[in-house]
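Novice: Dropping a structure here in structure tokens format, bear with me for questions.
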Amino acid sequence: MAEIQEIQNEIVDEFSLFEDWMQRYEYMIELGKTLEPMNENHKTDDNIIKGCQSRVWVHADLKEDKIVFTADSDAIITKGIIAILIRTFSNQKPKAILEASTAFIDEIGLKEHLSPTRANGLVSMIKQLKNYALAYQAKLN
Amino acid sequence: MKMSSTQMQFDVEQIRKDFPILQRKVNGKDLVYFDNAATSQTPQQVIDCIVDYYQNYNANIHRGVHSLSQEATDAYEQAREKIRAHFNADKAHEIIFTSGTTHAINLVASGYSSILKAGDEIIVSALEHHSNIVPWQMLCEKTGATLKVIPMEFDGKLNMDKYQDLLNTNTKLVFVNHVSNALGTINPIEFIIEKAHEVNAKVLIDGAQAAPHIQADVQALDVDFYTVSAHKICGPTGVGILYGKESLLTFLPPYQGGGEMIDQVSFEKTTYAGLPHKFEAGTPNISGGIAFGAALDYMHHIGFEQIAQYENELLVYATNELNTLDNIIIYGTKPSEKTAVLSFNFEGIHAYDVGTILDKLGIAVRTGHHCAQPIMEYYKIPGTIRASFAFYNTKQEIDSFINALKKAQQMLQ
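These protein sequence lines map, in sequence, to chains A and B. Every letter in the first sequence is one number past the one before it in full-length UniProt numbering, and letter 71, counting from 1, is 71. Every letter in the second sequence is one number past the one before it in full-length UniProt numbering, and letter 3, counting from 1, is 3.
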């Protein structure tokens, strides 16, 4: 598995091909549609991330020393954002997840989604992924 | 309905020039502002009024002997008088300035917390905004009173038969909005008030959504309390009013303690000031109150009847256009029974996704549950897209909106 930074660079390269917001959003929607389905049993109230206008569920499993994230949302753009986050953070070690920067979100032209006052919950999602990483890191130590 | 003698010919292009914000661009596109039910835009006349206050006569009111304080007090009290006249209250001191509708509702709820007792009943409607549900739930928790709910029907109207079944001699208070914020339904408040009075219950009508579209006459309605926020009616944010019948406001205990609301203070006993000051502790939003008066002047200058007629034209036009789109679901009543609000979804598409694409195209709508989760629960949906129109919107803007929706549908399906 590639390093988080490498994956983020790849994503930035992919997004740099697009000329306008519409193409970027169409790509995100496409990513959302192809997101690996989440196990329905994991769509519990405990796994819901608060602060989103759409419903977002995140589940984490530890496989050996890496965290595997699965997630879903009922809104397709949010699902696209989830797909980008999962591609970046899933199958990574807790320490790497905790140390990873999220500046690439800005670079791919989705800065508006990073505002903490925006109701799409991207900030809450990242926080939740990092919380899982923190918990699993403590467990591994 | 009262009409101003200075009323002008309705000319939307001329009216739009009064609203500087309508000239701006959002995401590189001309702004189309269809979130008027959340807050209305502010005309230059109201902005000027606020600036004039701070430039020329900013002073604390009701206490200074100096000229500035007197001028500010006069302007503030003139605004109260304008609001009284607008709602046809009997006396100016029946108009209490508040920070808005939510504050006004809480003021009444707080007053009744020492009056209600276990066994008493409160009725609210299924169409309420959270701000007209939560204070009454809190009141019930405090007093042991029971909360009853008037159910809604699929077409977005309240079930009046069920309402009458809920009324009995234990009913002490009834709270209903004049117009639903999520669906725009105009509720039959005359009937609701009349029936509540038959069992001696008092009625509070939340007029926040109605105020920009319907001029309520509180005496003709015989309503006990009526609440309004200035920012929904071309005024500034952070100011509103509670209308209450004099006898009831006199009877209710004060809400907050502080300056302005007292008559005499000693450590043994404080006696309270008379109306309206009993409920206006502390320095109020002075410029806001004065600008609220200016906003009503502005609305009368255009004319409420013409506003209602034009907005209904926009609503009918938008409804017809929306109905041409595939997989559209519109919630609520027909255009003749609601204010200029369209609450809708596209089958299989999340409201949030549509709202995000519309924003990229410069169109401001509201998506989500609109602080009215019980309505969303009724329809078993997480939320809707809500487009709400004002008299400064145009059919061309609706055309842009429809085109943007087609684009969003194309992208999201």
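Even for Gly, the Cβ is constructed at its ideal location relative to N, Cα and C. Computed from a prediction, not measured in an experiment: that's the story for all the values here.
Less than 8 Å between CB atoms is the rule here; does Thr88 (chain A) satisfy it with respect to chain B?
Specialist: no
Novice: Is DSSP giving Gly109 (chain A) helix, strand or coil here?
Specialist: Residue state, collapsed to three classes: coil.
Novice: Tell me Thr283 (chain B)'s beta-bridge partners as DSSP assigns them.
Specialist: DSSP lists no bridge partner for Thr283 (chain B).
Novice: Along the chain, which unbroken stretches of the alpha helix (DSSP H) at least 4 residues long are found entirely within the region 186-274 of chain B?
Specialist: Entirely contained in the region 186-274 of chain B, the alpha helix (DSSP H) runs reaching 4 residues are, in chain order, 189-198, 218-221, 246-251.
Novice: Using the three-state DSSP reduction, which class does His350 (chain B) fall into: helix, strand or coil?
Specialist: coil
Novice: What residue ranges within the region 97-183 of chain B form continuous beta strand (DSSP E) runs of no fewer than 3 residues, ordered along the chain?
Specialist: 121-125, 146-150, 171-177
Novice: Below 8 Å on C-beta distance, what does Pro374 (chain B) contact in chain A?
Specialist: Per Cβ cutoff of 8 Å: no residues; Pro374 (chain B) is ~18 Å from chain A at best.
Novice: Please classify Thr143 (chain B) as buried or exposed, where buried requires at least 16 neighbouring CB atoms within 10 angstroms.
Specialist: buried
Novice: Can you grab the Cα-Cα spacing for the pair Leu35 (chain A) / Trp57 (chain A), in whole Å?
Specialist: 13 Å
Novice: Mind pulling the chain A residues with CB within less than 7 Å of Thr356 (chain B)?
Specialist: Ile77
Novice: Using a beta-carbon distance below 8 Å, is Glu26 (chain A) in contact with chain B?
Specialist: Interface residue, yes.
Novice: Among residues of its own chain, excluding the 5 on either side of Ala210 (chain B), which ones have a beta-carbon nearer than 6 Å to its beta-carbon?
Specialist: His178, Val179
Novice: Give me the chain A residues within the contact set of Tyr255 (chain B), using Cβ-Cβ distance strictly less than 8 Å, ordered along the chain.
Specialist: Near Tyr255 (chain B) there are no residues of chain A at all, since even the closest Cβ is about 30 Å away, more than 8 Å.
Novice: Is Gln23 (chain A) close to chain B, meaning its C-beta is less than 8 Å from at least one C-beta of that chain?
Specialist: no
Novice: Just to confirm, is the Cβ distance from Ala295 (chain B) to Ile214 (chain B) under 8 Å?
Specialist: no
Novice: Give the residues of chain A in contact with Lys360 (chain B), contact being defined as C-beta atoms less than 8 Å apart.
Specialist: The answer, in chain order, is Trp21, Met22, Tyr25.
Novice: Report yes or no: is there a C-beta of chain A within less than 8 Å of the C-beta of Asp353 (chain B)?
Specialist: Taking Cβ atoms only, chain A reaches closer than 8 Å to Asp353 (chain B), which makes this a yes.
Novice: Which of the three DSSP states, helix, strand or coil, is assigned to residue 414 (chain B)?
Specialist: A question about residue 414 (chain B) goes unanswered here, because the residues of chain B that appear run from 1 up to 413.
Novice: Just checking my contact of Gln396 (chain B) with Phe10 (chain B) at CB under 8 Å: how many whole Å lie between their CB atoms?
Specialist: Rounded, the Cβ-Cβ distance is 16 Å, inconsistent with contact.
Novice: In or out: Arg84 (chain B) buried (at least 16 other Cβ within 10 Å) or exposed?
Specialist: buried
Novice: Grouping DSSP H, G and I as helix and E and B as strand, with all else coil, what is Arg80 (chain B)?
Specialist: helix
Novice: Does the beta-carbon distance from Thr339 (chain B) to Ile186 (chain B) come in below 8 Å?
Specialist: yes
Novice: List, in chain order, every chain A residue whose beta-carbon is nearer than 9 Å to that of Gly274 (chain B).
Specialist: Under the 9 Å cutoff, chain A gives no residues; its nearest Cβ is about 43 Å from Gly274 (chain B).
Novice: Between Thr237 (chain B) and chain A, is any beta-carbon pair separated by less than 8 Å?
Specialist: no
Novice: Count the other CB atoms within 10 Å of the CB of Val203 (chain B); is the residue buried (16 or more) or exposed (fewer)?
Specialist: buried
Novice: Cutting at 8 Å between CB atoms, please list the residues of its own chain near Ser113 (chain B), excluding the five before and the five after it.
Specialist: So the list reads Leu139, Lys142, Thr143, once near-sequence residues are dropped.
Novice: Take the Cβ of Glu194 (chain B) as the centre, count every other Cβ of all protein chains shown within 10 Å, and call the residue buried at 16 or more, exposed below.
Specialist: The residue in question, Glu194 (chain B), is exposed, as its Cβ has fewer than 16 Cβ neighbours within 10 Å.
Novice: With C-beta atoms as the reference, is Ala404 (chain B) less than 8 Å away from Ile349 (chain B)?
Specialist: no
Novice: Give me the chain B residues within the contact set of Asp74 (chain A), using Cβ-Cβ distance strictly less than 7 Å, ordered along the chain.
Specialist: His350, Pro382
Novice: Counting pairs of Cβ atoms below 8 Å between the region 23-33 of chain B and the region 353-363 of chain B, do you hit three or more?
Specialist: With a cut-off of 8 Å, the region 353-363 of chain B and the region 23-33 of chain B count as touching, because enough Cβ pairs lie within range.
Novice: For the alpha helix (DSSP H) that contains Asp72 (chain A), what are its first and last residues?
Specialist: Asp72 (chain A): not part of any alpha helix (DSSP H); member of the beta strand (DSSP E) spanning 66-73, first to last residue.
Novice: Val341 (chain B): buried (16+ other C-beta within 10 angstroms of its C-beta) or exposed?
Specialist: buried
Novice: With DSSP collapsed to three states, give me the class of His369 (chain B).
Specialist: coil
Novice: Tell me the DSSP bridge mates of Asp61 (chain A)?
Specialist: Under DSSP, Asp61 (chain A) forms a beta bridge with A:Val68.
Novice: Taking Cβ-Cβ distances shorter than 7 Å, what residues in chain E pair up with Ile29 (chain A)?
Specialist: The structure shown contains no chain E; the protein chains it does contain are A and B.
Novice: Looking at the secondary structure, which residues open and close the beta strand (DSSP E) in which Arg386 (chain B) lies?
Specialist: 384-388
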